[in-house]
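What follows is a set of notes on a single structure, which appears directly below.
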Amino acid sequence: MKPIEAENDFVVRFANVNGSGSASANLLFAKSILRMGIPVSPRNIFPSNIQGLPTWYEVRVSEQGWLGRRGGIDLLVAMNPETWDQDLAEIEPGGYLFYDSTKPMPLAKFRDDIQVIGIPLTQICNMHYTDVRQRQLFKNIIYIGALAALLDIDFEVMQNLVSEQYKGKETLLESNIQAIQLGRDYALSEFDCPIGIRVSEGLSVGEKIFIEGNSAAALGAVYGGATVATWYPITPSSSLAEAFELHCKKYRHDPDTDAARYAILQAEDELAAIGMVIGAAWNGARAFTATSGPGISLMQEFIGFAYFAEIPAVIFDIQRGGPSTGMPTRTQQSDILLCAYASHGDTKHVLLFPQDPKEAFEMSAAAFDLADRLQTPVFVMMDLDIGMNQRLCDPLEWDDGRRYDRGKVMTREMLERGEEFARYLDVENDGIAYRTYPGTHPTEGAYFTRGTTKDSQAKYSEAGPDYVENMQRLLRKFDTAKELVPKPVRQWNDPPSKCGVIYYGSTSPAMIEAFEALKTGGLGIDGLRIRAFPFGDEVENFIRNHQHVFIVEQNRDAQMRSLLVNELGMDPAKFTSVLHYDGTPITARFIASEIAQKLVVTGESRSAAAT
Amino acid sequence: MTYISKPKLHHPKLPVNALGYTRRDYEGAVSTLCAGCGHDSISAGIIQAFFDLSIEPHRVAKLSGIGCSSKTPSYFLGSSHGLNSVHGRMPSVLTGANLANRDLIYIGVSGDGDSASIGLGQFAHSLRRGVNMIYIVENNGVYGLTKGQFSATADTGTKSKRGVENKDGAIDLVALALQLGATFVARGFSGDKEQLIPLIKAAIEHQGAAFLDIISPCVAFNNHSGSTKSYDYIREHNEIVNRLDFMPGRETITTEYKAGSLREITQHDGSVLKLRKLANDFDAHDPTASMTYLHERAHQGEIVTGLLYIKSEPEELHQHLKTVDAALNSLGEKELCPGHTTLETINDTLR
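First to last, the protein sequences are chains A and B. Final position of the first sequence in this note's numbering is 617; the numbers increase by one with none missing. Final position of the second sequence in this note's numbering is 1327; the numbers increase by one with none missing.
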């Protein structure tokens, strides 16, 4: 079997043991390539465990900038004997196996169609280090050094990164550099370097930044003016709340007194977390919580309360595999319906679907404006793939002229002027009524907020007409939301196709790549990336203007399809679902092959796909 | 429930407080609870306390959960914002509200079903966090709105109106509050306003988590013989540890009580509590002793009322979080948004 030859376009998978200190070494590998100007997209595939179970770090290197998961492995760094068989099976024919050859592996454990690179990592380590912990940690750094030689990664770039990391900690710096050299020297002396897959300097990274979605979303909350954050630990959302705290410590302390311009509470559960958000937002602060599916399930009653009492709330749902505890450390888009219709009774909620950290930042800040303007809960629908992986994206931007939209709030001055206040009266025919913050005025503007029915003056009323009028106004408000939420993004095929594909959120990078693959295969297809619910006219028109529409989702039940059929009254026969829900991020290969196959099955010939 | 507006006519000779407000300015809508309900006496006590302390009604936020007790914020302080949340979750909503604006006074009203059953967790955590609030449980041992089921504070052996005996153990919220670190713990009785009103005033002035359990008999479902939360039973079994006279800090302290029978407690804000000691050697500064005393009396079938514990220098949540003096809801872009240039720097660190 001919060894794979690939420059700046390959996939490396590191198979490690959780808790072995591999994460920072693997990140060093990814960042080194990035610094050479070649885009990488790493993904953590990890267990719900702190120490001892298998964990993987998969790095896709792609000069073309494909950031979705590709599937397949070109180079396996096999550091976990427990997953050896499974990992080896996924190496592409002609691919490479890198392993610790200190203990000989039985011949039967290898494949004859791959290249084997054995380096006695443990032996090298034991020769140079006596401390047990050092032996463990530096083994990781040594293999990174060896890989640098094998893949032709710029040693100076790697060294600079280590210097940045250990600035001021000279001993650590030196010992890390030494470990890199040990691996590098061994590889250079024992193997023909570089091997068939390699890296060369490129210009494809430019000004792009490398950031986790959760951190970007947390930064969006800082920029968007959130002052109250309440949360309960749950994977994969915890790092959002923790990042908010880190950002706030840097950017939100009074320069004179060092006092905090924010309050963060770790609540006793998700019910309390959302309750605190509602209390804070009712009282005029911008507040949010971050959680995942099980947390949203627990918050249902309060979400309905906020919808009906019309209190802003921003909820980040970093989706994971469900139902129940499901796959806590795997990714899915399976909370769409849970959030769109959260709570009992007739409810509908605003959802935003960021595609990457850049949009997570933007939509996070926008969510606070939307929640205040619409006086309702707003969900930012992320997932583990965006939230917990560092992703290359455009730099974050902020216009200093931007002002927070606090929505319709009647101030003391307005009340003094004698403006009429009726908490639930639709004065501007957009479904949104004025509210007041508690404590505004001694005699005017106070009202009682409740989850029970009321009239336009906020007075308790069980009268049918009052109830219906209120529910109709809430629908008008939801219509208003259509105009305010981010518009979908269209992707035209040239020439325009009779078939379209709808996708959203973290599917984006894989889909973008799949468009190319389909086009190359003569199956060019139009695309629409949904960025928000409620759906605007653009979504409806896209569906109407295409004979057949694929919907690509990362859940079993085609939840977005249900929402489209339900909300737009579309004929379900018009849609074909492409569903990926095994917990791994969707790949371009999967999407392209599913769509190609289904085009044939649904009787759409290649010529019919295009007009 | 219907909403009834009271006529706004004021008698010209109604007494006014230091702000020039009459007691009527502290009232709310007409109660729709059953005639004779203990909760209405508590609402009256709250009205009197805020009136006496000359607190601007609109600077108070009233929060509640679900149940008969949680309806009562409609019946007092009509010029205050109120929020009737979901069952058992008043404490979290109040906590959030307090985080947003530390300048208002927060009164949370709950019941025994609301706080001891469905909301026991939130009750506990709000107290242990030291949220600056007045947390009142109107405790009648029974679910009123759903017609007479036992709540978690119903005593073992007490009988329901239908004659069913409660076999489950009772939760004593006062004992729990002491254990959880509430910095003000008291129990009152809705039928004893002479004791109740000073307790409410003291709780209002206390700058920390103040918990006030008020036994409030349910005339409809828990006022029969065999009930341990009926008016008769409480009056017969009440052990009053102290009566309180309350002097706000802003007034000159004058007293007509004999020095030997008083114990003065200066609160953080300078207000002074005077405990008229009825029980020998009762020390409201020692939570362990209070707990022991509470259990001893309970063992004798007595319900202890009065101020059981107060910490003179309480810490509250905002102190723990080191938040700015200004209310968080008053901060704007200037204070909150780090701006474009900072973002450019952040971008640089991510390359």
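Even glycine gets a Cβ: it sits at the ideal position worked out from N, Cα and C. Model, not experiment: these values are computed from the prediction.
Is THR1204 (chain B) helix, strand or coil by DSSP? coil
Could you name the residues of the segment 459 to 471 of chain A whose beta carbon sits closer than 7 Å to any beta carbon of chain B, in the order they occur along the chain? LYS465 and TYR466
Return helix, strand or coil for ILE438 (chain A), following the three-state DSSP convention. coil
Could you give the uninterrupted runs of the alpha helix (DSSP H) lying entirely in the segment 556 to 602 of chain A, keeping only those of 4 residues or more? 565 to 574
Check for me: the beta strand (DSSP E) holding ASN22 (chain A) runs from which residue to which? 15 to 23
Pop quiz: VAL1085 (chain B) and PRO1033 (chain B) are said to be a contact at Cβ under 8 Å. What is the actual Cβ separation, rounded to whole angstroms? So it is not a contact: roughly 15 Å between Cβ atoms.
GLY299 (chain A), enclosing alpha helix (DSSP H) - first and last residue: 299 to 315
Nearest chain B C-beta to ALA278 (chain A) closer than 8 Å, yes or no? yes
Would you list, in sequence order, the uninterrupted beta strand (DSSP E) runs of no fewer than 3 residues that lie entirely inside the segment 1015 to 1080 of chain B? 1036 to 1040 and 1057 to 1060
List the residues of chain A that LEU990 (chain B) touches, going by C-beta distances under 8 Å, in chain order. Simply none; closest approach about 17 Å.
Exposed or buried, which one is ILE309 (chain A) when buried takes at least 16 other CB atoms within 10 Å? buried
Rounding to the nearest angstrom, what Cα-Cα distance links THR226 (chain A) and SER370 (chain A) in this structure? The sequence shown places Gly at residue 226 (chain A), not Thr. Straight-line Cα distance between these residues: approximately 5 Å.
Short CB-CB distance (under 8 Å) between ALA1020 (chain B) and chain A: no
Would GLN1098 (chain B) pass as an interface residue toward chain A - the criterion being a Cβ-Cβ separation below 8 Å? yes
For TYR510 (chain A), which of helix, strand or coil comes out of DSSP? strand
On the DSSP bridge assignment, give the partners of VAL67 (chain A) in chain order. A:PHE16 and A:VAL46
Under a three-way DSSP split, which group does HIS1296 (chain B) fall into? helix
Those runs of the beta strand (DSSP E) which lie wholly inside the segment 318 to 380 of chain A and span at least 3 residues: 319 to 325 and 356 to 358
Between the alpha carbons of LEU1293 (chain B) and ALA319 (chain A), how many angstroms are there, rounded? 22 Å
Find out if the Cβ-Cβ distance for the pair ALA373 (chain A), VAL384 (chain A) is shorter than 8 Å. yes
Is any heavy atom of the ligand FMN found at a distance shorter than 7 Å from the C-beta of TYR1119 (chain B)? Of ligands this structure carries none, so the ligand FMN is not represented either.
Within-8 Å CB hit, GLU307 (chain A) to chain B: yes
How far does the alpha helix (DSSP H) with GLY1331 (chain B) in it extend, from its first residue to its last? Any answer about residue 1331 (chain B) is impossible in this case: the structure gives chain B only from 977 up to 1327.
When the Cα atoms are used, what is the spatial distance from LEU380 (chain A) to ILE438 (chain A)? 7 Å
Helix, strand or coil for ASP1189 (chain B)? Go by DSSP, reduced to three states. strand
Answer yes or no: does any C-beta atom of chain B fall closer than 8 Å to that of MET282 (chain A)? yes
Partner residues on chain A for SER1311 (chain B), Cβ-Cβ distance less than 7 Å: In the sequence on display, residue 1311 (chain B) carries Glu and not Ser. Within 7 Å Cβ-Cβ: ARG267.
Beta strand (DSSP E) containing ARG535 (chain A): first to last residue? 532 to 536
Do the segment 186 to 200 of chain A and the segment 236 to 247 of chain A make contact, defined as three or more Cβ pairs closer than 8 Å? no
From the DSSP output, in three-state form, read off SER1086 (chain B) for me. strand
Interface residues of chain B around ARG190 (chain A) at Cβ under 8 Å? None at all; the shortest Cβ gap to chain B is about 24 Å.
Could you name the residues that DSSP lists as bridge partners for ALA278 (chain A)? DSSP lists no partner for ALA278 (chain A).
Against chain A, does SER1266 (chain B) count as a neighbour if the rule is that its beta carbon must be under 8 Å from one of theirs? no
So which residues of chain B does PRO323 (chain A) contact, with C-beta pairs closer than 9 Å? Reading the sequence as shown, one finds Asp at residue 323 (chain A) and not Pro. Per Cβ cutoff of 9 Å: no residues; ASP323 (chain A) is ~19 Å from chain B at best.
Counting contacts by CB-CB distance shorter than 8 Å, is GLU422 (chain A) in contact with chain B? no
Between the segment 1009 to 1035 of chain B and chain A, which residues of the former have CB atoms less than 8 Å from a CB of the latter, in chain order? GLU1032, PRO1033, HIS1034 and ARG1035
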